[in-house]
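Visitor: Sequences listed follow chains A and B, in order. Position in the first sequence counted from 1, then plus 79, gives you my numbering. Position in the second sequence counted from 1, then plus 8, gives you my numbering. Think of the CB as a built atom: it goes at the ideal place given N, C-alpha and C, for glycine as much as any other residue.
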Amino acid sequence: MSKMQKTLKRLAGQKVLFLMILPCMIYTFIFSYYPLSGWIMAFQNYKPAKGYSGSTFVGLDQFKFLFQDIEFWRSVRNTLAMSLMNLVFSFVFAIVFALLLNEIKSLGLKRITQTVSYLPHFLSWIIVCSLVSNMLSTNDGMVNNFLMAIGLIDKPVLWLGEQKYFWWVTTFSNVWKETGWNSIIYIAAISGIDQALYEAAELDGASRFQKMWHVTLPGIRSTIVVLLIMNLGWVLNASFEVPYILGSGLLQDVSQTIDIFVLKYGMSIGNYSLATAAGIFKSVISLLLVFGTNAVANKLGENSLM
Amino acid sequence: MKNFWRIRVGKHNLGDLTFHTVNGIVMIFIAVIMIYPFWNTIAVSFNDAQDTLRGGITLFPRAFSTYSYESVFKNKLMGTAAVNSVLRTVLSTVFGVLVGSMIAYVLSRRELIGRKFITAYFLVTMYISAGLIPTYFLIKNLGMLNSFAVYIVPGLVSVYNIIVIKSFMQSLPDSLTEAAMVDGAGHFRCYWQIVLPCCKPVLATVALWCAVGAWNQWFDTFLYASGADHLTTLQYEMMKLLSSAMQSGRDNSSIFGNNQQMADTITPTSIRAAVTIVASVPILVVYPFMQKYFVKGVTLGATKE
């Protein structure tokens, strides 16, 4: 029997497997691969009435226009700024929260804090934004009330109305929603650290903070690095909902991200070609980040194994 | 200074005692920050609308009233929204788990011809996406704009869920399916009667992810079905209330009627509070029971990446 025949015979034996997977592959082709053909719009002056074949081909003109547009670069800046702030602060808060929670001796308090801190993760962004806008309200909002009560400010601050606060508002909305949830993985990593290390450190006279710094943190270092790198790859995808919902007209200069730019030019203005070009720009940068960070992760992985 | 913290107080030294007290207070503070905004919203939703305008509602309603809820439940659009939210959540979860586990089963079979290629075929879609505009045109050309199908069909295959289910299936012993195969069971029976029942824990986790994701989704309604009132969802109604509040600062929630009598008894703030609670109650109800599955899922997903 030739190799070809053997394969065919195996294939016949796997008929059912392929019956199960082929429809899913066709589905994936339609919904994930076929839409890539829409990227052709970015190189055309696309008009829906004319279709892909009838629209005029303009080469890289859309990209040229895009790269000369100050509004686009502002969107890129806002995307990067908010994403990086989110990344840094959610990491720091999650790690510190996990470290402190780990030191809590009372099981009851520990469980309640954990349960409560995971909760915001399950609320939708719409609801979180609504809660945030209530809390930051100048009219009886909790944050202003609290700051006035302790005397830090003497009249309510317009948190959601001024450009200089906006990035911090999105960052801390994110921190509020995800800190508890992000800490789960660190808590799991901490519980995997060998207890003998702590006992040894104690014998050497290490204080509590020395133990945290020299035993716990190094113990979860690889987890931190891997997560950091994984998240870095997704950095551009992280900023749509909060800026879109909370960033009203006045704040547009600091709140408009690439995704919002695409939505605005594509859906409201109807300049599909330009919007697609901006979308491609984002996809390509994302892809480079994903592969770049994966490469770094592999390298670091090898190092930590050696 | 070092000696100062070593002073013994009962069984502990002063340093430990101070640390635990401060740490305990910090944790309680964090817990309060996490729960207060939500708790406050509950209080506002049960408070009389006009009374709320005076400010100062914190932990408990001052003038108890269920009128906000009554007007939400009486509103026809909200009723439609609730039905759609429930329907899309149930259907997305059922189909998501079925399709995801089926693909995962096939990919977990080592004898599958072209397994590497097929796995890569699915994995690639995690990293490359066509983007908003081409996807919009696809949905449009498929005739799914303003149809209920748009809630179920486009999100049917989640590669991340497939990876999680697949790695669980691969940790099951081979002998499980081998024995069934020897007895003459086909692949579909193996999948349906042998592998699936063994995967209950991971399926529970994935089902919860699907359910929460579907329940909390608003963007697809906004993008693909905003022209159809009969397709609205709770999250989308919430979005509309929020954005009108954000824009005007004081609108009168036009969908609840504009006449003066209504405006006296309901306010945007109270309606928004009530809708917030209605739109998160299902999650709050299942959350305590499901917490362990959620948590398990996170560690599962991260370690088996």
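(1) Put N260 (chain B) into one of helix, strand or coil per three-state DSSP.
(2) Going by CA-CA distance only, name the one from A:C208, A:V294, A:R287, A:F370 that's closest to F46 (chain B).
(3) Measure the alpha-carbon distance for G240 (chain A) versus V333 (chain A) and round it to whole angstroms.
(4) Quick one: does N213 (chain A) have its CB under 8 angstroms from some CB of chain B?
(5) Quick one: using the 10 Å Cβ neighbour count with 16 as the cut-off for buried, is K19 (chain B) buried or exposed?
(6) Excluding sequence positions up to five away, which residues of its chain have a Cβ less than 8 angstroms from the Cβ of L359 (chain A)?
(7) How would you label N377 (chain A), buried or exposed, when you count the other beta carbons within 10 angstroms and need 16 or more for buried?
(8) Does the beta-carbon of H195 (chain B) have 16 or more other beta-carbons within 10 angstroms, so that it is buried, or is it exposed?
(9) According to DSSP, simplified to helix, strand and coil, what is N21 (chain B)?
(10) Can you tell me where the alpha helix (DSSP H) holding V222 (chain A) begins and where it ends?
(11) Since H20 (chain B) meets chain A, which of its residues come closer than 9 angstroms, beta carbon to beta carbon?
(12) The alpha helix (DSSP H) with E182 (chain A) in it runs from where to where?
(13) Check whether chain A comes within 8 angstroms of L67 (chain B), counting only Cβ atoms and requiring the distance to be less than that.
(14) Helix, strand or coil for Q123 (chain A)? Go by DSSP, reduced to three states.
(15) Is the beta carbon of K228 (chain B) sitting closer than 8 angstroms to the one on V158 (chain B)?
(16) Going straight from the alpha carbon of L250 (chain B) to that of F176 (chain A), what length do you get?
(17) For a quick check, are the C-beta atoms of W165 (chain B) and Y106 (chain A) less than 8 angstroms apart?
(18) What does DSSP give as the partner residue(s) for F136 (chain A) in the beta ladder?
(19) Going by beta-carbon coordinates alone, are P142 (chain B) and P114 (chain A) separated by less than 8 angstroms?
(20) Would you verify that the beta carbon of H195 (chain B) is, or is not, closer than 8 angstroms to some beta carbon of chain A?
(21) State yes or no: is the beta carbon of E126 (chain B) nearer than 8 angstroms to at least one beta carbon in chain A?
(22) How about T336 (chain A) and S154 (chain A): are their beta carbons less than 8 angstroms apart?
(23) So if I threshold CB-CB distances at 8 angstroms, which residues from the region 207 to 233 of chain A count as touching chain B?
(24) Going along chain B in order, which residues have a C-beta closer than 9 angstroms to the C-beta of W118 (chain A)?
(25) Just mark W292 (chain A) as buried or exposed, buried being the case when its beta carbon has 16 or more other beta carbons within 10 Å.
(26) Output the boundary residues of the alpha helix (DSSP H) element that contains L239 (chain B).
(27) Since T284 (chain B) and T49 (chain B) should fall inside the 8 angstroms C-beta cutoff, what is the C-beta to C-beta distance between them, to a whole number of angstroms?
(28) Interface residues of chain B around Y113 (chain A) at Cβ under 8 angstroms?
(29) Taking a cut of 9 angstroms between CB atoms, which residues from the region 102 to 129 of chain B lie near chain A?
(30) To the nearest angstrom, how far is the alpha carbon of M227 (chain A) from that of S216 (chain A)?
(31) Express the C-alpha separation of W247 (chain A) and W226 (chain B) in angstroms, rounding to a whole number.
(32) From B:N11, B:P69, B:T97, B:A39, pick the residue whose C-alpha is nearest to that of A282 (chain B); which is it?
(33) Tell me the rounded alpha-carbon separation between W204 (chain A) and L353 (chain A).
(34) How would you label V30 (chain B), buried or exposed, when you count the other beta carbons within 10 angstroms and need 16 or more for buried?
(35) Taking C-beta pairs closer than 7 angstroms, name the residues in chain A that N280 (chain B) reaches, listed in chain order.
(36) Quickly, what does DSSP pair N55 (chain B) with across the bridge? List them, please.
Guide: With the given structure in hand:
(1) Here residue 260 (chain B) is taken as the residue at index 252 of the second sequence, counted from 1. Bear in mind that a pLDDT of 41 at N260 (chain B), under 50, signals an unreliable position, so the number given afterwards is only what the model happens to contain. Annotated three-state conformation of N260 (chain B) is coil, per DSSP.
(2) To locate residue 46 (chain B), count along the second sequence from 1; it is residue 38. When each option's Cα is compared against that of F46 (chain B), the closest is A:C208.
(3) On the first sequence, residue 240 (chain A) is found 161 positions in, with the first residue counted as 1. On the first sequence, residue 333 (chain A) is found 254 positions in, with the first residue counted as 1. One alpha carbon belongs to G240 (chain A), the other to V333 (chain A), and they sit about 11 angstroms apart.
(4) Here residue 213 (chain A) corresponds to residue number 134 of the first sequence, with the count starting at 1. At a cut-off of 8 angstroms between beta carbons, N213 (chain A) contacts chain B.
(5) For the purposes of this step, residue 19 (chain B) is taken as residue 11 along the second sequence, with counting starting at 1. It counts as exposed.
(6) Counting from one through the first sequence, the residue named residue 359 (chain A) turns up at place 280. A quick correction: the sequence has Ile, not Leu, at residue 359 (chain A). The residues are W118, A121.
(7) Numbered from 1 along the first sequence, position 298 holds the residue referred to as residue 377 (chain A). N377 (chain A) comes out exposed.
(8) Residue numbering aside, residue 195 (chain B) sits at position 187 when the second sequence is read from its first letter. Looking at its Cβ environment, which holds 16 or more other Cβ atoms inside 10 Å, H195 (chain B) is buried.
(9) Here residue 21 (chain B) refers to the residue found at position 13 when the second sequence is read from its first residue. Under the three-state reduction of DSSP, N21 (chain B) is assigned to strand.
(10) If you number the first sequence from 1, residue 222 (chain A) lands on position 143. V222 (chain A): member of the alpha helix (DSSP H) spanning 221 to 228, first to last residue.
(11) Here residue 20 (chain B) refers to the residue found at position 12 when the second sequence is read from its first residue. Residues of chain A passing the Cβ test: none, with the nearest at roughly 11 angstroms.
(12) Taking the first sequence and counting its residues from 1, the one referred to as residue 182 (chain A) is at position 103. Its alpha helix (DSSP H) spans residues 149 to 182.
(13) Translated into the one-based positions of the second sequence, residue 67 (chain B) becomes position 59. By this cut-off, L67 (chain B) is not an interface position.
(14) For the purposes of this step, residue 123 (chain A) is taken as the residue at position 44 of the first sequence. Here Q123 (chain A) sits in strand by DSSP.
(15) Residue numbering aside, residue 228 (chain B) sits at position 220 when the second sequence is read from its first letter. Residue numbering aside, residue 158 (chain B) sits at position 150 when the second sequence is read from its first letter. Contrary to the premise, residue 228 (chain B) reads as Asp rather than Lys in this sequence. Against a cut-off of 8 angstroms, the Cβ pair of V158 (chain B) and D228 (chain B) comes out as a contact.
(16) Your numbering for residue 250 (chain B) matches position 242 in the second sequence. Your numbering for residue 176 (chain A) matches position 97 in the first sequence. Each residue's Cα considered, the two are about 31 angstroms apart.
(17) For the purposes of this step, residue 165 (chain B) is taken as the residue at position 157 of the second sequence. For the purposes of this step, residue 106 (chain A) is taken as the residue at position 27 of the first sequence. Looking at the sequence shown, residue 165 (chain B) is not Trp but Val. Against a cut-off of 8 angstroms, the Cβ pair of Y106 (chain A) and V165 (chain B) comes out as a contact.
(18) Here residue 136 (chain A) is taken as the residue at index 57 of the first sequence, counted from 1. Beta-bridge analysis with DSSP links F136 (chain A) to A:Q123.
(19) The sequence position of residue 142 (chain B) within the second sequence is 134, counting from 1. The sequence position of residue 114 (chain A) within the first sequence is 35, counting from 1. Yes, they are a contact pair.
(20) Taking the second sequence and counting its residues from 1, the one referred to as residue 195 (chain B) is at position 187. Yes - at least one Cβ of chain A is within 8 angstroms of the one on H195 (chain B).
(21) Position 118 of the second sequence, counted from the first residue, corresponds to residue 126 (chain B). Rather than Glu, the amino acid found at residue 126 (chain B) in this sequence is Ile. Yes, I126 (chain B) counts as interfacial toward chain A.
(22) Against the first sequence, residue 336 (chain A) aligns to sequence position 257. Against the first sequence, residue 154 (chain A) aligns to sequence position 75. The Cβ atoms of T336 (chain A) and S154 (chain A) sit closer than 8 angstroms to each other.
(23) Per Cβ criterion, the list reads C208, S209, L210, V211, S212, N213, M214, N218, D219, M221.
(24) Indexing the first sequence from 1 puts residue 118 (chain A) at position 39. Under a criterion of Cβ atoms nearer than 9 angstroms, the residues of chain B adjacent to W118 (chain A) are, in order, A138, G139, P142.
(25) Taking the first residue of the first sequence as 1, we reach residue 292 (chain A) at position 213. Residue burial annotation: W292 (chain A) is exposed, with fewer than 16 other C-beta atoms found within 10 angstroms of its C-beta.
(26) To locate residue 239 (chain B), count along the second sequence from 1; it is residue 231. Segment: none, L239 (chain B) is in no alpha helix (DSSP H) and carries neither H nor E.
(27) Here residue 284 (chain B) refers to the residue found at position 276 of the second sequence. Here residue 49 (chain B) refers to the residue found at position 41 of the second sequence. Separation of the CB atoms of T284 (chain B) and T49 (chain B) is rounded to 5 angstroms, and the pair is thereby assigned contact status at 8 angstroms.
(28) Counted from its first residue, the first sequence places residue 113 (chain A) at position 34. L146, listed in chain order.
(29) Within the region 102 to 129 of chain B, the qualifying residues are V107, M110, I111, Y113, V114, L115, R117, E119, L120, I121, I126, Y129.
(30) For the purposes of this step, residue 227 (chain A) is taken as the residue at position 148 of the first sequence. For the purposes of this step, residue 216 (chain A) is taken as the residue at position 137 of the first sequence. The alpha-carbon atoms of M227 (chain A) and S216 (chain A) are separated by roughly 13 angstroms.
(31) In the second sequence, counting from the first residue as 1, residue 226 (chain B) sits at position 218. In the first sequence, counting from the first residue as 1, residue 247 (chain A) sits at position 168. Their Cα atoms are separated by approximately 24 angstroms.
(32) By 1-based counting over the second sequence, the position of residue 282 (chain B) is 274. For A282 (chain B), the closest of B:N11, B:P69, B:T97, B:A39 by C-alpha to C-alpha distance is B:P69.
(33) In the first sequence, residue 204 (chain A) corresponds to position 125, counting from 1. In the first sequence, residue 353 (chain A) corresponds to position 274, counting from 1. Those two C-alpha atoms are separated by around 28 angstroms.
(34) Numbered from 1 along the second sequence, position 22 holds the residue referred to as residue 30 (chain B). With a threshold of 16 other beta carbon atoms within 10 Å, V30 (chain B) falls short and is exposed.
(35) In the second sequence, residue 280 (chain B) corresponds to position 272, counting from 1. Looking at the sequence itself, residue 280 (chain B) is Arg, so the reference to Asn does not match. Going along chain A in sequence order, the residues near R280 (chain B) (Cβ under 7 angstroms) are S209.
(36) Along the second sequence, one-based indexing puts residue 55 (chain B) at 47. According to DSSP, which records beta bridges pairwise, N55 (chain B) is partnered with B:F72.
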